[in-house]
Structure formats: C-alpha cells, structure tokens
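Number of protein chains: 4
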Amino acid sequence: MERRIRTYSTDEGLVKSRRVQLALYAAEMFADKGYHNTTVQEIGDACGMGKGTIYHYIGTKEDILRLIESKATVLWEGFFEEGLANFDKMSATETLRHCVEDFCRRVDKYPSFTRFWYQEIRYAPPEVQRAIREWDTRAVALFEKILAKGCMSGEFKVDDITMVAHIIVSGGEMWAVKRWFLRKHFTLKEYISAQVKMTLRLVCANECIVKAG
Amino acid sequence: MERRIRTYSTDEGLVKSRRVQLALYAAEMFADKGYHNTTVQEIGDACGMGKGTIYHYIGTKEDILRLIESKATVLWEGFFEEGLANFDKMSATETLRHCVEDFCRRVDKYPSFTRFWYQEIRYAPPEVQRAIREWDTRAVALFEKILAKGCMSGEFKVDDITMVAHIIVSGGEMWAVKRWFLRKHFTLKEYISAQVKMTLRLVCANECIVKAG
Amino acid sequence: MERRIRTYSTDEGLVKSRRVQLALYAAEMFADKGYHNTTVQEIGDACGMGKGTIYHYIGTKEDILRLIESKATVLWEGFFEEGLANFDKMSATETLRHCVEDFCRRVDKYPSFTRFWYQEIRYAPPEVQRAIREWDTRAVALFEKILAKGCMSGEFKVDDITMVAHIIVSGGEMWAVKRWFLRKHFTLKEYISAQVKMTLRLVCANECIVKAG
Amino acid sequence: MERRIRTYSTDEGLVKSRRVQLALYAAEMFADKGYHNTTVQEIGDACGMGKGTIYHYIGTKEDILRLIESKATVLWEGFFEEGLANFDKMSATETLRHCVEDFCRRVDKYPSFTRFWYQEIRYAPPEVQRAIREWDTRAVALFEKILAKGCMSGEFKVDDITMVAHIIVSGGEMWAVKRWFLRKHFTLKEYISAQVKMTLRLVCANECIVKAG
DNA sequence: CATGAATGAGGTTTCATTCAT
DNA sequence: TATGAATGAAACCTCATTCAT
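In order, the protein sequences belong to chains A, B, C and D.
Going by this note's numbering, the final residue of the first sequence carries number 213, and the count climbs one at a time with no gaps.
Going by this note's numbering, the final residue of the second sequence carries number 426, and the count climbs one at a time with no gaps.
Going by this note's numbering, the final residue of the third sequence carries number 639, and the count climbs one at a time with no gaps.
Going by this note's numbering, the final residue of the fourth sequence carries number 852, and the count climbs one at a time with no gaps.
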C-alpha cells in the first residue's frame, strides 16, 4: 500500500527513513490532538522538516494515515508467527499466557497506534480502515486458535471462543485507549498480570458454578 | 454547562427543543462521519434548520459537542439510582446481572454516544472531555460498589475490584465501538448474555484454580 | 455545461447573475494578464466579491474558464441564424459582406473572448477546448455555405472554399489578437472595410490573371 | 538580451549549448502544455539535465522565455536578408512568392515558436514581449517593402499595403496556430500554394471589379 | 560541474460565523 | 424568528529557487 504513495525522491532509503519519521511523529500527534487539529506545518516542525519537504515523500496529508497504518507491520512483527511457533512444545495455557502478555506489551510499546485506530480511523481512506480492522481481526483469530486448541486438549472449557478472544484483544487495547484511567490504578506489569489472570479464569476447565444464566 | 451556551432566543422552551434536536442529529453524524467531516450546513440540513438558525441556539460549532455531552444525562437517566435502589432487596449477583444488562442496553440504545466519546472526544473542549470521562468513571464506580458488596456478603471473590469493574464497562462499550465486528457474530441478546456470564465467571466465589499469576 | 458547476446557492437568478459578472471580469483579466497571473482574490476584488463568495458560485478556478466559454453564446447570439436568414432575399455578395462585417463587430465587442481563446485555451479543460473550437468551426462553416452559394449563382469563383472561409474568420479574429499592431494603423471601420474589400477580391468571379502558380 | 542572464559557468561554449538545448525543449513544452503547466523539473527531465544544473545557466524560470525569444534569430536567420538580396534580379511577383513560401516554411519548421508567441507571450517579461512583436513587425515591414516595389513597378495594385502585409504574415502564422483545423484540410504544400495564390490575387494589377467598398 | 534534497512563499479551497433581510 | 449570502482566516499543496555534497 505504501508503494503507491507519491514521492519526488528516487533515493529509496531516504524515502523509507523519512516516512518512518513522519509516521512516528504523526501517529503520536494524531493520537494526542486528532488528525484535523494537527497541521502539516506542525508535523513538519515536530520532525524537523519543512512543510515542503514533507510533500517530497507523500502526496497528500491523508497519505500520512497510510504510512501510519503500514507501520503496523512493525508493531505486529513476529506476533502472529511466534504465537503459534511453539504450539507443540507448550501447553495451550502457556501459549495463551505468552500471547496475552506479548499483546499487551506491544500495545504498550506503541500506544499511539492503538489510540489512533480507535479514534482516527474514520478519517482514513477506506483501504486503510479495512487494513487496520484486518489486524484486529487477525489478532482475534490468533486467540481463537489458541483457545480452540486448549479446548480440544481439555485444558480449557469455553462456551464462546470468539467472544473470549474478542475480550482478550479489547482488554489489551484498552491499556492504550483508557490510559487516563488505567494508569491511575495500575502499572503495566499489574495490568498484564491482571489480564492474564482474568483470561485464565474465563477459560479454565473446572468452571465455577454460575448460579443463573 | 449547557447554561453558558450563547443563545439569541428568550423562549426557553424553544431553546431546549432546538438543542435536543441538534444534539441528537449531530451525535449521529459525528459518530458516522466525524466532527470535522460534518459541516454546520449538513447538520442544519439534517435537522431542517437553516445554517443561520443554528447560530441562534449555539455560539460555536464546538458548543454542539457540549450539547451532546449534556444529553448524556438522558442516556444515563436512572441508571445509577436504580442500580443501587434495590440493593437491599436483591442479592449482589442479581444486582450485578441487572446492571450489566441495563448498561449494555443503554449503550445499544444510543450507540452514537459511546462511539462519539471514544472517537471524537479529543475535539471537545476540556470541560467536556472531563465530563464525559466522569460518566465513565461513575459507571466503573457503580460496579465497584456492587462488587464490593458481593465480596463482603461472600457471594463474590474478586482480587481486583477496579479491574473487573473496568472490564465490565469496557465490555459494554465495545458493543457500540466494535459494532462492525460484533454484529457479525452476535445479536444484542447474545452479547448481553455472554457479558453477564463472563462477568459472573470472573467474580464467582468458588474460583477455578489458576495455576499461575 | 454550465449546469454542472457546483454552487451552494439555490437562488437560480442570483447564481446566473453572479456568474455573468465573474465571466465578464475574468475574461478581461485573463486576456490581459493570463489565467495564471490572475488570482481568485484579484477577480474577487474586481467584481466586488469576497474570495469566499466566488466559491459559492463555482467549484474551482477552472470553472471560471467554463463560465467564460458559456458566455460565448451571448457573443454569437443570432450570428449564425441571421447570416442565413435572408439568404434568399440577398445576393451572396450582400450576405457575405454583411456577415464579414457582423463577425468583425462581434469580435470587437468582446475582444477579450477572442484573445482568451487564442491564448488561454490550453489551460481550459478539454470539453471547453472542444467547445471553443466548435464555435470557430461553425463560423468557418457559415462562410463556406455563403461562398458555396455564391459559386453556384455564378457571383463568386473560388478555388478552395474552406481556405477562403478560414482566412475570413482568422482575419476577423486578428482584430482582437493583434490589437497592439492593428490599432496603430486602422480604426475598426477601416479594418472592417478592408476585410470586406479583401474578401470580395478573393472571391470575385472575373478573376485577375495570376501569371504563375 | 541573452547576455544579461545569470550563469555560474565561465565556459562560454557550454553556456551556449546548454541554453540552446533549454530553449528548444522548453519552447516545445510551453507550446504544448503552457508555461505554467510546465515545471522546471520537467524541462530538466526532457533535456536530461538536473533541476539544479539548469540554474547554472539561467537565473530564473522567466529567463527561459528570454532564451526562447533569442532563439528566434535562428528561425529568422537569413529571412530578411535573402528576401531583399535579389530584389533587383527578380520581379516583385517572384520576390513576393518566394518570401511567402519561405515564411510559411519557417513557421512550419519551428511551429512551437509561433504558437508560443501567440499563446504564452503574456507570461514573458516586457522586453521579451516587445522583442517578439518586433520580429512580427519586421516581417510585416518586409512584405510592405516588396509590395511597395511591386506597386511602383506596376506589377501590383494595392490599396492598403500595410493591411495586405499583415494578412500575409498572419496567414503564415495561422499554419502553426490553427494546426488543429488546417492539418485536417491541407498539407503544408497545399497550404503554401493557397497562400501564394491568395496573395497574388490580392495584389494583382488587373483588379477584378469590386462593386462596393 | 552536476545533482537533487530542502525550503517557504504564494496560490487555491473550505467552512465556521456574521448579518442584513 | 428564520434564513442564506457574504466573508476571510486558516488549511493544504505546488513549485521555483537555493545550497551542500
């Protein structure tokens, strides 16, 4: 997707590095002030680029949204692969714990990305919206797989796999989205451990007796 | 807060009704297209008001955000009171179930409010941001109270009350925020029942054995 | 063509009058300073409209070119009809004389239109280019018809009708295009009479003997 | 005029050749797309020069217009001299025929010069405008001289020498300016022969009887 | 000498807001 | 009271020009 963005430069390395710079600063600023409250000028100031320079590496302000989206690859690099890599050697419980932790840590590492996608997605062009939701869906799908395996092995007992997977993913994302609240009460470590605990409680086989339903 | 918004009209009833109209239509439109992609003109068209007329009842486009926030009272009307009203007559479990259900239904009734607050809050003036978060915090506090009571009565066993309350609230809100995903998999009824089930599982006293944490 | 131009106004009469105003002033300015040396601001100043007001009646600066083209109808109104109306009552010679005169006078009345089309046509969108050339072609065709009739009646003797028609039309247009030169040497009256004389000389039946060819 | 254009180079030969290159390519491009739709970048691409290199040989984009004008010398090289050189040996008719032909051929050889001067002259600085019109005026003057001689010798009979000279020159220029029309109907050879014929008809001594004037 | 990355002035366009009717 | 025509501030974007390499 990034390939199609206009540039006046032919130095591929430079283009790449400038775009990374732009995406990083802009994601931060968009998450903080919103896409429409951030001018190209300001982004330029933040990156130490002139307004005109920016337009050597993008064609449109909207393209910055594309850049940010394409930086998601960095954020998720290895997440989906690693999660499943050791599937055989580890128990489902271990895998789940590992993935929940990893997921939360990644969210914490680039919180602006998550906030961005919750908040600014509407201003992005449709392909970007689709792409971002795709990531989300993939994450849910990963956890579905893990849960399914755990159920088959008898480690887990889950009524609705999709629902639990969704809760896990949303739970991780909240760390970025509801920062203002969560940071007041938890450290990252605490939050992660709570998420893990909660998750395991939701899936553990010897279910507590729920009196009504 | 709404009191301070400029109006050229002296007919209080008219002011009120016009503002309700504005808030309703605008909330919808902002949730759909975003604050900055919705022009005053369009809002006027949607409400059947001329652009000029709108400015008889507000001073600034931003004021519409204030109106929307103050309409939240309608959304939450009775929620906090009812939740606690029958505290004595009902068990904590019953109260919890009731409140989770009620919460989800309210989110479902005006999804644009929730989406609005997740997505457009950044464009609102600080007092409005604070006010909106206040609602959120109040909801969390309500569930904290319920959980605390349940713990004291021995019905529940919860490690971290705040965390669970937060999960409940976020879970409800997700119904509006992740519509695009959840509607594909669940009806409102299913979602609510899953939320309730999950919640109870998280708090039930005869806990499942979690191996690590 | 004008129909498709964006406007925010619904008052059709107003739209029309504003657009006429714009077209007139802009044609003048474009002919004088060129499309690209004339800012929308300046056009606004000239018409006594604010920059923003202009954009209530057009969507794009380019649209002004469309407006100008569509004002050509006014310039040519009646030209093609009248020319042929009295075809039966008048001799071909009389008709020719009349049309040449009329053509020159029209060019003189709105010289900026002709200069515009010689000079700025390249900046106009393709449909406008086509439309303008269409007018030119129609004018040539009119003279072709007159010449053909004269030839049949024996009044004229013309080798290449198209060529002569082209010369007549270009000759008239030059009055606007080469103003800077022609005005130094001729008045409009003189120019017209010279054009007529030249034309008749080119078509008269008792041809002079051209010694070589 | 060209002398005054800034250069950072001291190698006069290089400067000259670079400028010729620039003028040729740019004239073409300006005639095709217009001065303002042609970027310095594009001119550089066309000539195989870097954008920066161009600015070693000119000071301003406008200077390219100066270069183009000064390349007109090439176009007209010999035209004025040759025309009059054999004035004594040839009849006025022969001279006239020769010059009309030569004029048309030169227009055809570098049509972009003519189109350029009809269309982009307004974007050129005043001295250039004056210079270009000077060429035009010189051409008219040349034909005036020829016509005058022919009148004196009795070969021609012309009412208004200036007018006829103007018609000849414009007629030649039209071959470049109204290409889109003329090429559909004539080859260069046909056009030239028609121009010659027409010219001779306009000046021949045993005039046809024109009934009015 | 040649290059192209960087710059910012200046243009177009949008849209919240005012104000006369 | 209701309207929408008028406005201009402020945003995006282009591109001539400079300058370090």
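Heads up, the beta-carbon is just placed ideally off N, CA and C, and yes, glycines get one too.
Query raised in the report: Can a CB atom of chain B be found closer than 8 Å to the CB of Asp108(A)?
Result: Position 108 of the first sequence, counted from the start, is the residue given in the question as residue 108(A). Output row for Asp108(A): interface = no.
Query raised in the report: Does the Cβ of Thr266(B) have 16 or more other Cβ atoms within 10 Å, making it buried, or fewer, making it exposed?
Result: As a first step, residue 266(B) is located in the second sequence; it is residue number 53 there, counting from the start. Per the 10 Å Cβ criterion, exposed.
Requested in this report: Keeping to the same chain, check which residues put their C-beta closer than 7 Å to that of Ile121(A); ignore five residues upstream and five downstream.
Outcome: Locating residue 121(A) in the first sequence gives position 121, where the first residue counts as 1. Correct list, in chain order: Gln129, Ile132.
Report task. Taking all protein chains shown into account, decide if Trp606(C) is buried (16 or more other Cβ within 10 angstroms of its Cβ) or exposed. Result -> Here residue 606(C) is taken as the residue at index 180 of the third sequence, counted from 1. Trp606(C) is exposed by the Cβ-count criterion.
Query - Where Phe316(B) sits in the DSSP three-state scheme - result: For this step, residue 316(B) is matched to residue 103 along the second sequence. Three-state DSSP puts Phe316(B) in a helix.
Requested in this report: Taking only runs that begin and end inside the segment 684-746 of chain D, name each unbroken alpha helix (DSSP H) of 4 or more residues, in chain order.
Outcome: 690-696, 700-715, 718-724
Query raised in the report: Does Ser809(D) come within less than 8 Å of chain C when only Cβ atoms are used?
Result: Looking up residue 809(D) in the fourth sequence gives position 170. With 8 Å as the cut-off, Ser809(D) counts as an interface residue toward chain C.
Requested in this report: Measure the CB-CB distance between Glu225(B) and Ser304(B) and report whether it falls below 8 Å.
Outcome: Residue mapping note: residue 225(B) aligns to position 12 of the second sequence, counting from 1. Residue mapping note: residue 304(B) aligns to position 91 of the second sequence, counting from 1. Not closer than 8 Å, so no.
Report task. Please list the partners that Leu415(B) has in chain A, where partner means a Cβ-to-Cβ separation under 9 Å. Result -> Taking the second sequence and counting its residues from 1, the one referred to as residue 415(B) is at position 202. Residues of chain A passing the Cβ test: Met198, Arg201, Leu202.
Report task. Figure out for me which residue from Arg645(D), Val842(D), Tyr647(D) has the closest Cα to the Cα of Glu783(D). Result -> Taking the fourth sequence and counting its residues from 1, one reaches residue 783(D) at position 144. Of the listed residues, the one whose Cα sits closest to Glu783(D) is Val842(D).
Report task. Have a look at Pro537(C) and Val40(A) and give me their C-alpha separation to the nearest angstrom. Result -> Walking along the third sequence from the start, residue 537(C) turns up at place 111. Walking along the first sequence from the start, residue 40(A) turns up at place 40. Approximately 44 Å between the Cα atoms of the pair.
Query raised in the report: Which whole-angstrom value describes the C-beta separation of Leu626(C) and Thr519(C), a residue pair presumed to lie in contact below a C-beta threshold of 8 Å?
Result: Your numbering for residue 626(C) matches position 200 in the third sequence. Your numbering for residue 519(C) matches position 93 in the third sequence. That pair is a contact at about 7 Å.
Query raised in the report: In chain A, which residues lie less than 7 Å from Gly247(B) when you measure between Cβ atoms?
Result: For this step, residue 247(B) is matched to residue 34 along the second sequence. Per Cβ cutoff of 7 Å: Arg122, Tyr123.
Query raised in the report: Taking the alpha-carbon positions, what's the Ile5(A) to Arg643(D) distance?
Result: Locating residue 5(A) in the first sequence gives position 5, where the first residue counts as 1. Locating residue 643(D) in the fourth sequence gives position 4, where the first residue counts as 1. Approximately 42 Å between the Cα atoms of the pair.
**Report entry** Coil, strand or helix - Phe825(D) by DSSP
**Finding:** Taking the first residue of the fourth sequence as 1, we reach residue 825(D) at position 186. In this structure, Phe825(D) counts as coil in the three-state DSSP scheme.
Query raised in the report: For the segment 360-374 of chain B, which residues have a CB atom closer than 8 Å to at least one CB atom of chain A, in sequence order?
Result: Asp372, Asp373
Query raised in the report: Quick one, which of Lys89(A), Glu81(A), Glu77(A), Trp117(A) has its alpha-carbon nearest Arg106(A)'s?
Result: What you label residue 106(A) is simply residue 106 of the first sequence in a count that begins at 1. The candidate whose alpha carbon is nearest that of Arg106(A) is Glu77(A).
Requested in this report: Give the secondary structure of Val228(B) by DSSP, where H, G and I count as helix, E and B as strand, and everything else as coil.
Outcome: Residue mapping note: residue 228(B) aligns to position 15 of the second sequence, counting from 1. If DSSP states are grouped into helix, strand and coil, Val228(B) belongs with the helices.
Query raised in the report: Between the segment 799-811 of chain D and the segment 593-612 of chain C, do three or more beta carbon pairs fall short of 8 Å?
Result: yes
Query raised in the report: What span of residues does the alpha helix (DSSP H) with Pro750(D) cover, start to end?
Result: For the purposes of this step, residue 750(D) is taken as residue 111 along the fourth sequence, with counting starting at 1. Looking at the DSSP string, the run of the alpha helix (DSSP H) that includes Pro750(D) is 750-758.
Query raised in the report: For Ile209(A), is the classification buried or exposed, using 16 other Cβ atoms within 10 angstroms of its Cβ as the cut-off for buried?
Result: On the first sequence, residue 209(A) is found 209 positions in, with the first residue counted as 1. Caution applies to Ile209(A), whose pLDDT of 41 falls short of 50 and renders its modelled position unreliable; the value that the coordinates give is listed next. Per the 10 Å Cβ criterion, exposed.
**Report entry** Cα-Cα separation, Ala452(C) to Gln545(C)
**Finding:** Locating residue 452(C) in the third sequence gives position 26, where the first residue counts as 1. Locating residue 545(C) in the third sequence gives position 119, where the first residue counts as 1. Roughly 14 Å separates the two Cα atoms.
**Report entry** Three CB pairs or more closer than 8 Å across the segment 359-367 of chain B and the segment 277-284 of chain B
**Finding:** no
Query raised in the report: Nearest to Glu215(B) by CA position, among Ser222(B), Arg232(B), Leu227(B), is which residue?
Result: Position 2 of the second sequence holds residue 215(B). The shortest Cα separation from Glu215(B) among Ser222(B), Arg232(B), Leu227(B) belongs to Arg232(B).
Requested in this report: Quick one: using the 10 Å Cβ neighbour count with 16 as the cut-off for buried, is Lys817(D) buried or exposed?
Outcome: The sequence position of residue 817(D) within the fourth sequence is 178, counting from 1. It is buried - the Cβ of Lys817(D) has at least 16 other Cβ atoms within 10 Å.
**Report entry** Euclidean distance between Cα positions of Ala550(C) and Arg115(A)
**Finding:** Start at 1 with the first residue of the third sequence, and residue 550(C) comes out as number 124. Start at 1 with the first residue of the first sequence, and residue 115(A) comes out as number 115. Distance between the alpha carbons of Ala550(C) and Arg115(A) is about 45 Å.
**Report entry** Nearest neighbour of Lys370(B), chosen from Met198(A), Tyr191(A), Leu188(A) [CA to CA]
**Finding:** One-based indexing of the second sequence puts residue 370(B) at position 157. Comparing Cα-Cα distances from Lys370(B) to each of Met198(A), Tyr191(A), Leu188(A), the minimum goes to Met198(A).
**Report entry** Bridge partner(s) assigned by DSSP for Cys364(B)
**Finding:** Residue mapping note: residue 364(B) aligns to position 151 of the second sequence, counting from 1. Cys364(B) pairs with nothing; no bridge assigned.
Query raised in the report: Under a Cβ-count criterion, where at least 16 other Cβ atoms within 10 Å of its own Cβ denotes burial, should Ala511(C) be classed as buried or exposed?
Result: In the third sequence, the residue the question calls residue 511(C) occupies position 85. Exposed, since its Cβ has fewer than 16 Cβ neighbours within 10 Å.
Query raised in the report: Can you name the residues of chain A whose CB is closer than 8 Å to the CB of Ala407(B)?
Result: Taking the second sequence and counting its residues from 1, the one referred to as residue 407(B) is at position 194. Within chain A, the residues near Ala407(B) are Asp159, Asp160, Met163.
Requested in this report: Compute the Euclidean distance between the alpha carbons of Lys850(D) and Ser619(C), then round it to the nearest angstrom.
Outcome: As a working mapping, residue 850(D) is identified with position 211 in the fourth sequence. As a working mapping, residue 619(C) is identified with position 193 in the third sequence. Any reading at Lys850(D) must be qualified, since the residue scores a pLDDT of 38, below 50, and its modelled position is unreliable; the value itself is stated next. Looking at the two C-alpha atoms, the distance is approximately 13 Å.
Query - Under 9 Å from the C-beta of Tyr757(D): neighbouring residues of chain C - result: Locating residue 757(D) in the fourth sequence gives position 118, counting from the first residue. By Cβ distance, chain C contributes Tyr544, Gln545, Val603.
Query - Cβ-Cβ distance between Ala285(B) and Phe243(B) below 8 Å - result: Numbered from 1 along the second sequence, position 72 holds the residue referred to as residue 285(B). Numbered from 1 along the second sequence, position 30 holds the residue referred to as residue 243(B). No, the Cβ-Cβ distance between Ala285(B) and Phe243(B) is not below 8 Å.
Query raised in the report: Cβ of Ile43(A) within 8 Å of Cβ of Leu22(A)?
Result: Here residue 43(A) refers to the residue found at position 43 of the first sequence. Here residue 22(A) refers to the residue found at position 22 of the first sequence. Yes. Within cutoff.
**Report entry** Of the residues Val140(A), Pro126(A), Glu28(A), Met152(A), the one placed nearest Phe79(A), counting alpha carbons only
**Finding:** Mapped onto the first sequence, residue 79(A) falls at position 79. Looking at the Cα atoms, Val140(A) is the closest of the given residues.
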